[in-house]
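Residue numbers (our numbering), protein chains in the order written: chain D, 165 to 424; chain E, 4 to 605.
Rendered as structure tokens:
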């Protein structure tokens, strides 16, 4: 009886999370898709953006928005939304195909950046996937540990050790994911061309120019200017309106940047 | 003394004899084993160089392997040649325990007449058996530029082959230094810088002997490839060789010329000398533009092509091998890789072309061999098309084709004979696979399912819920730990309480015992110690009791007193002394235990 009560209490706690999902505006989604199919890409993009602004949506909406921008030859905005979709649905093969397609259309040759060594690996999973893996392992670890407390035996010693090892790996993976997400300051050039200068002012020396779709690292913002890094040797200041961050910076509201 | 039986003695003697003989057998086996492992008898023949001029001396070597010396050697094909007496050398090698022994008989042969001689086979008789060798071909050319120089003690010649060359053709420059007097430190000074010409040495220098008008000369030869970068007439100016001529000092010597004709003994003089060649001219012409065939890739020389199909009749599903060999003399590096066009109803499996690139005194020569495995799928006749390779023939000065004829492959019904006649689709399948080409470029379509819209749980889950889910399993774990630690504490406290009540129980049990109850008193003391010290079912000795008490913080004097009382009781119990547990003893026991009990730290 007590066990049933515990399970019921747990389900009651989970219920809000389950009910919160799936609140997206399906009518808007279907109308946006229809506009896309009819070739009204601007209209479709506006509706997808409206959905995103209204409530949290799945990666599919960002993917569709990226498609709409790519159809309008807005490479930077397309890449930006594909990258956002990749955070939510990292293993979507359609997404990888279209993202590669958009990246091929970039004008600038990308210069390799030294990323966090586990970035490629942890970006194959969403944070929520790692969360659930850790949660389930928590459950197993605690269960077998309790069994061992009251019934010490050789078999449960090895089970606890094995589950503990997997648990530690998963926790390490979770920490790496959290670190990668917290250090993910990637941004995308969303203007046709941006000037990158030595300082945050139009009178500062022009260092180099970047074109639509080029990836940069957004180091910080000062007023209307952002300090960006294209590679270790190429960094400088550019107006905010020319770039958009894939993940919003800390203390910065999340939202779609389509100013360009 | 026991007499040993005769049989036993005989056995021992046999064993001793065996040990004596064994080393001898081993040595014999070691000596005989090489003979047993020797390679089979074989005879080979080799001529070097295989191209000479009249009067030149070349070496003909007959090598006998796998046997001892030859009883008799008969050289065939030496008519018209002057054959000298053979020299002999032997060689023994051991590889992987196998002994290879060979004896080489070297003949010096000179050819007074021009022509191509086929030397051999050499018939070698060994132990009554005859063995035959291979043959070797030697070409004897007429005398070249040295004509008229035979009276000099040393001279130097240079010649270019061919004198009329085409652009792209291999041109050789051969320099030869002749001397008939003692020389040393012979050095070729090299080629001067000539505009549009480069020289590249081919191989190492070689030395041989040559007889000119009955006069024997030593000859040193060097061959260079001449690489012109432009067409035109060229002249190589006189080339030079430096050498030191060794002359006798003229002083009388008691010794014949030889060992003592040395600077060390002061019996010779060295004169440095420099010998020049005549200038050599040649021309390089451009290839004619007229008549240049399509597909001509710069192949120049004289070439031929051969195609062979083996077998020419196969069952459907079986394999036939088509071999095409392009060979000739010229720039063989440019021999092309031929393509076999698709054959209807035939699976074709090509092999990698094999190029053999050689070079002799006349320039480069070689061949390229291409093979295809043909597996016909249906019965009938398959026409293997003819091959043709265009090249520029330096002999005729014209473009020509090396051509094969069409070969017919007759296919009999076989394992796959039931297959229908090849359709167009089958013909496509039988052709080699090709890379799929992208015909268009576009992105993949949008996602339209409701699943695409639904946000992930991570986007909507409050942080507190996440913390709860992660932390939830630790709640029962914490509870379990608390329960377990509480149980242990309670057990420990109960033990402490029991320990503290131990003296009271002991005093109660002992106080009313009579003088004949020493056994009961001893048992009560054991129980007290076990309870007080937290021991489980312990039966201590007096010595152990003292140690335990000292360990529990009791002072040595009290512990010692306890030991004495314990010991006396122990003695009484085990010796059945009867009424030893007097009131005085009982009081002493109670006092000692009380004193100890107060000092025990639990």
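Cβ coordinates follow ideal geometry from the N, Cα and C atoms, glycine included.
Of all the CB atoms in chain B, is at least one closer than 8 angstroms to the CB of residue i?
i                      : result
residue 310 of chain D : Of the chains in the structure shown, none is chain B; the protein chains are D and E.
Nearest to residue i by alpha carbon, out of the options?
i                      : options                    : result
residue 301 of chain D : E:400, E:497, E:474        : E:474
residue 95 of chain E  : E:72, E:88, E:110, E:76    : E:72
residue 510 of chain E : E:454, E:590, E:564, E:466 : E:590
residue 315 of chain E : E:365, E:330, E:385, E:346 : E:385
residue 157 of chain E : E:166, E:181, E:173        : E:181
residue 190 of chain E : E:196, E:118, E:278        : E:278
residue 374 of chain D : D:321, D:384, D:356        : D:356
residue 170 of chain E : E:117, E:195, E:162, E:232 : E:232
residue 614 of chain E : E:217, E:567, E:243, E:208 : Here chain E comprises residues numbered 4 to 605, so residue 614 of chain E is not present and cannot be evaluated.
residue 112 of chain E : E:214, E:137, E:177        : E:214
residue 234 of chain E : E:506, E:198, E:593        : E:198
residue 231 of chain D : D:210, D:219, D:218, D:217 : D:210
residue 348 of chain D : D:402, D:336, D:394, D:382 : D:382
residue 393 of chain E : E:63, E:330, E:544         : E:330
residue 570 of chain E : E:592, E:250, E:184        : E:592
residue 328 of chain D : D:346, D:295, D:338, D:308 : D:308
residue 66 of chain E  : E:123, E:117, E:131        : E:123
residue 60 of chain E  : E:343, E:177, E:220        : E:220
residue 378 of chain E : E:349, E:555, E:454        : E:349
residue 217 of chain E : E:115, E:70, E:274         : E:115
I need the boundaries of the beta strand (DSSP E) containing residue i, first residue and last residue.
i                      : result
residue 373 of chain E : 366-379
residue 594 of chain E : It is not in any beta strand (DSSP E) - residue 594 of chain E instead sits in the alpha helix (DSSP H) that spans 586-602.
residue 157 of chain E : 157-164
Mind checking if residue i is an interface residue toward chain E, Cβ cutoff 8 angstroms exclusive?
i                      : result
residue 362 of chain D : no
residue 365 of chain D : no
residue 303 of chain D : yes
residue 227 of chain D : yes
residue 411 of chain D : no
residue 222 of chain D : yes
residue 292 of chain D : yes
residue 404 of chain D : no
residue 324 of chain D : no
residue 207 of chain D : no
residue 299 of chain D : yes
residue 271 of chain D : no
residue 190 of chain D : yes
If the cut is a Cβ gap below 8 angstroms, which residues of chain E does residue i touch?
i                      : result
residue 245 of chain D : Chain E residues near residue 245 of chain D: none, gap ~12 angstroms exceeds 8 angstroms.
residue 240 of chain D : Those do not exist, as residue 240 of chain D stays about 15 angstroms from chain E at its closest Cβ, beyond 8 angstroms.
Distance cutoff 8 angstroms, beta carbons only. Does residue i sit that close to anything in chain D?
i                      : result
residue 463 of chain E : yes
residue 491 of chain E : no
residue 450 of chain E : yes
residue 615 of chain E : The requested residue 615 of chain E does not occur in the structure, where chain E is confined to residues 4 to 605.
residue 439 of chain E : no
residue 483 of chain E : yes
residue 457 of chain E : yes
residue 443 of chain E : no
residue 591 of chain E : no
residue 393 of chain E : no
residue 290 of chain E : no
residue 460 of chain E : yes
residue 301 of chain E : no
Please list the terminal residues of the continuous alpha helix (DSSP H) segment that includes residue i.
i                      : result
residue 263 of chain D : 257-268
residue 546 of chain E : 545-554
residue 298 of chain D : 291-314
Just the chain E side, please: which residues come within less than 9 angstroms of residue i by C-beta, in chain order?
i                      : result
residue 343 of chain D : Simply none; closest approach about 17 angstroms.
residue 352 of chain D : Going along chain E, no residue has its Cβ under 9 angstroms from residue 352 of chain D, so there is no contact; the nearest lies around 17 angstroms.
residue 193 of chain D : 451, 453, 455, 456
residue 197 of chain D : 449, 450, 451
Would you mind telling me which residues of chain D sit closer than 7 angstroms to residue i, beta carbon to beta carbon, in chain order?
i                      : result
residue 446 of chain E : 231, 234, 262, 265
Using the beta-carbon of each residue, which ones in chain D are nearer than 9 angstroms to residue i?
i                      : result
residue 535 of chain E : Those do not exist, as residue 535 of chain E stays about 30 angstroms from chain D at its closest Cβ, beyond 9 angstroms.
Against residue i, what residues of chain E qualify as contacts under a CB-to-CB distance less than 7 angstroms, listed in chain order?
i                      : result
residue 349 of chain D : Chain E residues near residue 349 of chain D: none, gap ~20 angstroms exceeds 7 angstroms.
### At least 3 beta-carbon pairs within less than 8 angstroms: the segment 49-58 of chain E vs the segment 71-86 of chain E
With the cut-off at 8 angstroms, the segment 49-58 of chain E and the segment 71-86 of chain E do not touch.
### Task
Spell out a yes or no on whether the segment 401-410 of chain E and the segment 272-289 of chain E are touching, meaning 3 or more CB-CB pairs, one atom from each, closer than 8 angstroms.
Judged by Cβ distances under 8 angstroms, the segment 401-410 of chain E makes no contact with the segment 272-289 of chain E, as fewer than three pairs qualify.
#### Entry: the segment 547-562 of chain E contacting the segment 488-502 of chain E, beta-carbon criterion three pairs below 8 angstroms
The segment 547-562 of chain E, when compared against the segment 488-502 of chain E, does not touch it at the 8 angstroms Cβ threshold.
### Query
Contact between the segment 234-245 of chain D and the segment 261-274 of chain D: three or more CB pairs below 8 angstroms?
The segment 234-245 of chain D vs the segment 261-274 of chain D: in contact.
### Segment contact, 8 angstroms Cβ cut-off, at least three pairs: the segment 278-289 of chain D with the segment 459-468 of chain E
With a cut-off of 8 angstroms, the segment 459-468 of chain E and the segment 278-289 of chain D do not count as touching, because too few Cβ pairs lie within range.
### Three CB pairs or more closer than 8 angstroms across the segment 205-221 of chain D and the segment 350-364 of chain D
Touching, no, given that fewer than three Cβ pairs across the two stretches are closer than 8 angstroms.
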